[in-house]
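To start, the structure itself, in structure tokens.
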Amino acid sequence: MKTGVNGVALGVFIFFFLAVTVIGFMASRWRKAENEESLDEWGLGGRSFGTWVTWFLLGGDLYTAYTFVAVPALIYAAGAAGFFAVPYTILVYPLIFTFLPRLWSVSHKHGYVTTSDFVRGRFGSKGLSLAVAVTGILATMPYIALQLVGIQAVLDVMGVGGESSNWFVKDLPLLIAFAVLAAYTYSSGLRAPALIAFVKDGLIYLVIIVAIIYIPIKLGGFDDIFAAAGEKFAKLNPATGKPIGALAPGEAGQWGYATLALGSALALFMYPHSITATLSSRSRNVIRRNTTILPLYSLMLGLLALLGFMAIAAGVSVKNPQLAIPQLFENMFPDWFAGVAFAAIGIGALVPAAIMSIAAANLFTRNIYRDFIRPDATPAHEAKVSKLVSLLVKVGALAFVLTMDKTVAINFQLLGGIWILQTMPALVGGLFTRWFHRWALLAGWAAGMLYGTFAAFGVASPTQKHFGGSSKEIPGFGEIGYIGLTAFVLNAVVVVVLTFVLKALKAPEGVDETSPADYTADAGDKGVQIDLPPATARAFTAAAPPHLPYAASGRVSSIAGRA
Numbered sequence: 065m066k067t068g069v070n071g072v073a074l075g076v077f078i079f080f081f082l083a084v085t086v087i088g089f090m091a092s093r094w095r096k097a098e099n100e101e102s103l104d105e106w107g108l109g110g111r112s113f114g115t116w117v118t119w120f121l122l123g124g125d126l127y128t129a130y131t132f133v134a135v136p137a138l139i140y141a142a143g144a145a146g147f148f149a150v151p152y153t154i155l156v157y158p159l160i161f162t163f164l165p166r167l168w169s170v171s172h173k174h175g176y177v178t179t180s181d182f183v184r185g186r187f188g189s190k191g192l193s194l195a196v197a198v199t200g201i202l203a204t205m206p207y208i209a210l211q212l213v214g215i216q217a218v219l220d221v222m223g224v225g226g227e228s229s230n231w232f233v234k235d236l237p238l239l240i241a242f243a244v245l246a247a248y249t250y251s252s253g254l255r256a257p258a259l260i261a262f263v264k265d266g267l268i269y270l271v272i273i274v275a276i277i278y279i280p281i282k283l284g285g286f287d288d289i290f291a292a293a294g295e296k297f298a299k300l301n302p303a304t305g306k307p308i309g310a311l312a313p314g315e316a317g318q319w320g321y322a323t324l325a326l327g328s329a330l331a332l333f334m335y336p337h338s339i340t341a342t343l344s345s346r347s348r349n350v351i352r353r354n355t356t357i358l359p360l361y362s363l364m365l366g367l368l369a370l371l372g373f374m375a376i377a378a379g380v381s382v383k384n385p386q387l388a389i390p391q392l393f394e395n396m397f398p399d400w401f402a403g404v405a406f407a408a409i410g411i412g413a414l415v416p417a418a419i420m421s422i423a424a425a426n427l428f429t430r431n432i433y434r435d436f437i438r439p440d441a442t443p444a445h446e447a448k449v450s451k452l453v454s455l456l457v458k459v460g461a462l463a464f465v466l467t468m469d470k471t472v473a474i475n476f477q478l479l480g481g482i483w484i485l486q487t488m489p490a491l492v493g494g495l496f497t498r499w500f501h502r503w504a505l506l507a508g509w510a511a512g513m514l515y516g517t518f519a520a521f522g523v524a525s526p527t528q529k530h531f532g533g534s535s536k537e538i539p540g541f542g543e544i545g546y547i548g549l550t551a552f553v554l555n556a557v558v559v560v561v562l563t564f565v566l567k568a569l570k571a572p573e574g575v576d577e578t579s580p581a582d583y584t585a586d587a588g589d590k591g592v593q594i595d596l597p598p599a600t601a602r603a604f605t606a607a608a609p610p611h612l613p614y615a616a617s618g619r620v621s622s623i624a625g626r627a
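FYI, in the numbering used here the residues of the sequence shown are 65 to 627.
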């Protein structure tokens with residue numbers, strides 16, 4: 065293991081970091097709109113991205129530094145249980161093919177920016193919309209924190225700051241990375257991560273292809289790699305008296321593996337950042353095409369996961385498993401290519417962190433600030449508030465990383481997955497039927513949130529007494545399963561039962577502002593253009609409520625000034 069600062073790797077890392085910083089600030093000039101002061105422009109890139117931009121943006125959004133570091137780290141520590149991430153990314157794409165185009169269409173038709181916008185419009189309930197918004201923000205915060213953890217892991221392995229006893233010097237590189245990220249996100253909005261995603265994904269594919277060929281050659285082939293991993297996992301854990309892991313999940317772990325994979329697949333596109341990247345595309349066909357080509361990332365993820373076994377075979381020994389893959393790269397690669405690999409992880413953190421902060425800020429602005437604090441907020445005011453909130457979100461994530469143990473950050477992200485899954489009945493159910501009652505959906509959400517939180521609170525791990533994992537015995541089954549999926553089933557049962565009860569009692573159901581045709585509308589379905597004198601058109605655009613369609617933010621109908 066190398067000691068001290070790896071100057072060559074650090075130099076390469078800084079080069080790529082500076083390059084993407086320049087790209088991030090230049091992105092504000094890319095596809096520049098006449099009216100930039102709206103959430104459609106700042107938060108959704110003008111809803112103008114085509115197939116390939118959307119593909120890179122979604123890939124950069126979903127396959128993060130956390131993926132790059134934590135998935136092989138889990139395999140390094142526990143074995144094949146970490147491969148749950150591979151089947152869940154295979155399961156997710158047929159699922160989203162059925163509902164994402166419908167969400168895009170209705171959002172395009174009504175100018176929805178967030179999932180909470182849709183829920184409010186579909187069920188006529190600000191309370192349900194608020195619940196979805198708060199859940200999204202809570203689930204996103206630890207996810208952003210994990211991206212910063214990924215950057216910190218790379219900096220530690222390169223020997224930057226990690227050995228200093230002064231907290232400011234130790235964390236200064238991370239603070240600089242955070243400041244740059246905050247600055248270009250504030251300046252360029254979603255366009256910045258969209259452009260940087262091209263660099264990020266290109267580097268990740270390059271590093272994985274090289275690693276999957278070069279490292280096994282140096283280690284004697286995959287036979288030796290799997291033999292070394294099998295030998296490690298066969299050793300007994302002194303605390304439990306059981307093997308520390310397995311090359312394949314045993315019978316006792318199959319329920320946990322399957323439910324975690326299924327629950328994660330259901331939850332992935334409930335996250336606000338996934339929806340933000342989706343709604344930035346310019347047509348529903350872009351979404352449909354992306355669901356067919358995004359599985360290429362699943363192939364990449366399967367290869368990436370094998371790095372955990374390679375780290376074992378290479379003799380990597382670290383107390384924090386999250387450092388295993390960065391350490392593997394430093395030990396096995398020439399310094400200059402280790403710098404490329406570290407840059408891939410670092411940039412792999414910047415892209416999703418930017419999208420996540422934008423998504424969380426949009427939820428606060430549209431569904432908390434405008435709905436409950438400033439109903440008459442103009443599009444320009446909305447954009448200003450969202451920019452400021454995106455900074456606050458990043459500050460919160462940074463404080464989380466700097467003040468809490470990294471294991472805690474991972475476990476809170478797992479808790480976020482449990483939470484975000486509870487928004488699925490309102491979102492996906494609402495895309496296909498209006499049968500569910502709004503109060504039943506709110507009660508189901510509350511039941512799922514409470515059960516999931518308290519169940520996770522009772523899970524202990526060797527490093528912490530509470531929130532030590534996301535799996536627990538399924539009530540009535542006696543098998544260990546994913547808490548999020550159990551909470552989701554409870555949520556769905558409450559929704560169905562209470563809907564029957566509330567409909568029988570004729571409880572008010574709220575106004576649905578959507579129509580069946582809205583769910584299949586495409587980019588060309590712009591509604592009726594109204595020609596007005598220029599001064600009247602400008603006044604109408606400035607005064608119209610933000611959720612109504614108007615041309616200035618790329619929404620459905622257009623207000624055209626005539627000479």
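All C-beta atoms in this analysis are idealised placements derived from N, C-alpha and C, irrespective of residue type, glycine included.
Simplified DSSP assignment, three categories, for residue i
i      : result
SER535 : strand
ALA407 : helix
ALA524 : coil
GLY545 : strand
PHE373 : helix
PRO307 : strand
LEU254 : coil
PHE132 : helix
SER345 : strand
VAL592 : In this prediction, VAL592 has a pLDDT of 41, which is less than 50 and means its spatial position is unreliable; what the coordinates show is noted afterwards. Coil, per DSSP.
VAL455 : Here the sequence assigns Leu to residue 455, which means Val is not the residue at that position. Helix.
PHE113 : strand
LEU300 : strand
THR356 : helix
PRO313 : coil
MET247 : For the record, residue 247 in the displayed sequence is Ala; it is not Met. Three-state DSSP puts ALA247 in a helix.
VAL263 : helix
HIS530 : coil
GLY285 : coil
Cβ neighbour criterion (16 or more within 10 Å) applied to residue i
i      : result
LYS383 : exposed
SER535 : buried
PHE541 : exposed
ALA331 : buried
ALA441 : buried
LYS521 : Rather than Lys, the amino acid found at residue 521 in this sequence is Phe. Classification of PHE521: exposed, given that the 10 Å Cβ count is below 16.
ASP287 : exposed
ALA463 : exposed
PRO165 : buried
ALA627 : Any reading at ALA627 needs caution, since the residue's pLDDT is 32, under 50, leaving its predicted position unreliable; the model's value is listed next. So ALA627 ends up on the exposed side.
ASN475 : buried
ALA73  : buried
LYS282 : exposed
LEU82  : exposed
ARG619 : Only weak support is given to the placement of ARG619: the predicted model assigns it a pLDDT of 37, under 50, and the value that follows is read from those uncertain coordinates. Classification for ARG619: buried.
VAL592 : Note that VAL592 scores a pLDDT of 41, beneath 50, so its modelled location is shaky and nothing firm can be said.
SER328 : buried
ILE547 : buried
PHE496 : exposed
LYS173 : buried
SER525 : exposed
GLN318 : exposed
THR605 : For THR605, the predicted structure reports a pLDDT of 47, less than 50, and the residue's modelled location is therefore unreliable. The matter cannot be settled from this model.
Inter-residue CB distance, residue i and residue j (contact presumed, cutoff 8 Å)
i      : j      : result
PRO313 : ALA145 : 6 Å
LEU644 : VAL560 : No answer is possible for residue 644: it lies beyond the span of the chain, which begins at 65 and ends at 627.
SER171 : PHE182 : 6 Å
ALA425 : VAL453 : 4 Å
Complete runs of the alpha helix (DSSP H) confined to the stretch 134-221 [at least 4 residues] = Every unbroken stretch of the alpha helix (DSSP H) spanning 4 or more residues and falling wholly within the stretch 134-221 is given here in chain order: 149-174, 179-187, 190-221.
Is the stretch 239-259 close to the stretch 102-114, with three or more CB pairs under 8 Å?
-> Counting Cβ pairs under 8 Å, three or more are found: they touch.
Say whether the stretch 410-421 touches the stretch 498-508, bearing in mind that this needs 3 or more beta-carbon pairs closer than 8 Å, one atom from each stretch.
-> Not touching, per the Cβ criterion.
Would the stretch 114-128 and the stretch 288-299 be scored as touching if the rule is three or more Cβ pairs under 8 Å?
-> Judged by Cβ distances under 8 Å, the stretch 114-128 makes no contact with the stretch 288-299, as fewer than three pairs qualify.
Of all the alpha helix (DSSP H) runs that stay within the bounds of the stretch 65-111, which reach a length of 4 or more residues?
-> Complete alpha helix (DSSP H) runs here, min 4: 71-90, 103-106.
Contact between the stretch 423-437 and the stretch 399-408 (3+ Cβ pairs under 8 Å) = Too few Cβ pairs lie closer than 8 Å, so no.
Between the stretch 169-183 and the stretch 90-97, do at least 3 Cβ pairs fall closer than 8 Å?
-> Because the criterion of three Cβ pairs below 8 Å is not met, the stretch 169-183 and the stretch 90-97 do not touch.
May I have a chain-ordered list of the beta strand (DSSP E) segments no shorter than 3 residues that lie completely inside the stretch 555-583?
-> Correct list: empty.
Continuous alpha helix (DSSP H) assignments of at least 4 residues falling wholly in the stretch 415-467 | Runs found: 443-467.
With contact counted as at least three CB pairs below 8 Å, one residue from each stretch, are the stretch 346-356 and the stretch 557-574 in contact?
-> Pairwise C-beta distances place the stretch 346-356 out of contact with the stretch 557-574, as fewer than three of them are shorter than 8 Å.
Cβ contact (3+ pairs, closer than 8 Å) linking the stretch 450-463 and the stretch 485-492 | The count of Cβ pairs closer than 8 Å, one atom from the stretch 450-463 and one from the stretch 485-492, stays below three, leaving the stretches out of contact.
Any chance the stretch 200-209 sits against the stretch 367-374, with 3 or more Cβ pairs inside 8 Å?
-> With the cut-off at 8 Å, the stretch 200-209 and the stretch 367-374 do not touch.
Hey, which unbroken runs of the alpha helix (DSSP H) at 4 residues or more fall wholly within the stretch 464-517?
-> Correct list: 470-485, 488-496.
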